[in-house]
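In what follows, a structure is listed as structure tokens, so that the remarks can point back to it.
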Amino acid sequence: MLGRGVWSSVRQGLSRGLSRNVGGWASGEGRKVDIAGIYPPVTTPFTATAEVDYGKLEENLHKLGTFPFRGFVVQGSNGEFPFLTSSERLEVVSRVRQAMSKDKLLLAGSGCESTQATVEMTVSMAQVGADAAIVVTPCYYRGRMSSAALIHHYTKVADLSPIPVVLYSVPANTGLDLPMDAVVTLSQHPNIVGIKDSGGDELWGACVPWPMSWGLRCASWSDSASRGNGKMPRNCSTASLSQTLRVLCRFIQAVACSTGLSLLIDE
Numbered sequence: 068m069l070g071r072g073v074w075s076s077v078r079q080g081l082s083r084g085l086s087r088n089v090g091g092w093a094s095g096e097g098r099k100v101d102i103a104g105i106y107p108p109v110t111t112p113f114t115a116t117a118e119v120d121y122g123k124l125e126e127n128l129h130k131l132g133t134f135p136f137r138g139f140v141v142q143g144s145n146g147e148f149p150f151l152t153s154s155e156r157l158e159v160v161s162r163v164r165q166a167m168s169k170d171k172l173l174l175a176g177s178g179c180e181s182t183q184a185t186v187e188m189t190v191s192m193a194q195v196g197a198d199a200a201i202v203v204t205p206c207y208y209r210g211r212m213s214s215a216a217l218i219h220h221y222t223k224v225a226d227l228s229p230i231p232v233v234l235y236s237v238p239a240n241t242g243l244d245l246p247m248d249a250v251v252t253l254s255q256h257p258n259i260v261g262i263k264d265s266g267g268d269e270l271w272g273a274c275v276p277w278p279m280s281w282g283l284r285c286a287s288w289s290d291s292a293s294r295g296n297g298k299m300p301r302n303c304s305t306a307s308l309s310q311t312l313r314v315l316c317r318f319i320q321a322v323a324c325s326t327g328l329s330l331l332i333d334e
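Here is the structure:
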């Protein structure tokens, strides 16, 4: 968690330089990260008493580290982040960073329901080693989540994030699709570098204007598993890891483009 002084500075930033000025965004040029490559989504192992099993997590990471992945996606749907406390979310990301090779990228889910909480979590994720933040759409008040509201939310997060931001749309879990007009607008932000789309709509990517130069495509455990037995994994140990890798036949792949965002689509 951020200290009072740090968060006070962040909150001041929320009221400064967040409107879009004529000629560009108020924020400076974001730190670009080339996210091209293949990323397995890291599941969160639990003990029989529902505690995070950090030992099993590290075992899984050591096995995943034997594959030439570009990096890992942590604290996404497969990481079951809604069931973790804030401190557990940060500890998981910290443990993953310590266990993985320094040349690999760590994409960490930092989304929360409020903009303030999301900014705080994103800053904290960066402090424990995340290279980019995957920010899921806030959804509890989905009836109020208009394009304008989502643009406002993501713009504030991206303006104040010390690491690049990846939009995350997963309507099966949130009941909310990230509207295309919002995506097109947000793609112009210098600190928003991609979108992970888990909607399963093959036509979605085809509707994206070509000048945005999107990339393709990924698979996740949750989607593949749902076609099998409809259950999410509750405890992924080393013993079950090989099965996970077989299910993830294409993994999460982001194809970097000359301009615009990278598009990650779950299949």
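Here this note's numbering is used: position 131 in the sequence shown is 198, and no number is missing along the way. All C-beta atoms in this analysis are idealised placements derived from N, C-alpha and C, irrespective of residue type, glycine included. Remember, it's a predicted structure, so these values are computed and weren't measured experimentally.
Limits of the alpha helix (DSSP H) - the one that residue i falls within
i	result
residue 236	Looking at the DSSP string, residue 236 is not in any alpha helix (DSSP H); the run it does join, the beta strand (DSSP E), is 232–236.
residue 221	214–227
residue 184	182–194
residue 250	247–253
Contacts around residue i, its chain only, beta-carbon distance under 6 Å, and the 5 residues preceding and following it disregarded
i	result
residue 217	249
residue 205	180
residue 337	Because the chain here runs from 68 to 334, residue 337 falls outside it and cannot be looked at.
residue 221	253
residue 246	214
residue 312	Residue placement at residue 312 cannot be trusted, given a pLDDT of 41 that sits under 50; what the coordinates show is reported in the next sentence. So no residue of the chain qualifies.
Residues near residue i by beta carbon distance below 7 Å, same chain, minus five either side
i	result
residue 207	180
residue 219	none
residue 148	142, 156 and 176
residue 121	162
residue 224	182, 185, 186, 189, 202 and 232
Nearest-angstrom Cα separation, counted from residue j out to residue i
i	j	result
residue 301	residue 238	Here residue 301 scores only 38 on pLDDT, less than 50, and its place in the model should not be relied on; the value that follows carries that caveat. Cα-Cα distance, rounded: 21 Å.
residue 186	residue 200	10 Å
residue 211	residue 156	27 Å
residue 130	residue 209	39 Å
residue 116	residue 197	28 Å
residue 169	residue 243	35 Å
residue 86	residue 213	With a pLDDT of 30 at residue 86, under the threshold of 50, the modelled position of that residue is not reliable, and no figure is offered here.
residue 160	residue 154	10 Å
Any non-hydrogen atom of the ligand SAM closer than 8 Å to residue i Cβ
i	result
residue 171	Ligands displayed in this structure: none; no statement on the ligand SAM is therefore possible.
Opening and closing residue of the beta strand (DSSP E) in which residue i lies
i	result
residue 176	172–176
residue 102	Counting along the chain, residue 102 falls outside any beta strand (DSSP E), and DSSP gives it neither H nor E.
Closer than 8 Å is the cut-off here; do at least three beta carbon pairs connect the segment 129–137 with the segment 228–246? Put simply, the segment 129–137 does not touch the segment 228–246. Fewer than three CB pairs are less than 8 Å apart.
Original post:
Which residue spans inside the segment 113–161 form an unbroken alpha helix (DSSP H) run of at least 4?
Top reply: With a minimum length of 4 residues, the continuous alpha helix (DSSP H) runs that stay inside the segment 113–161 are 121–131.
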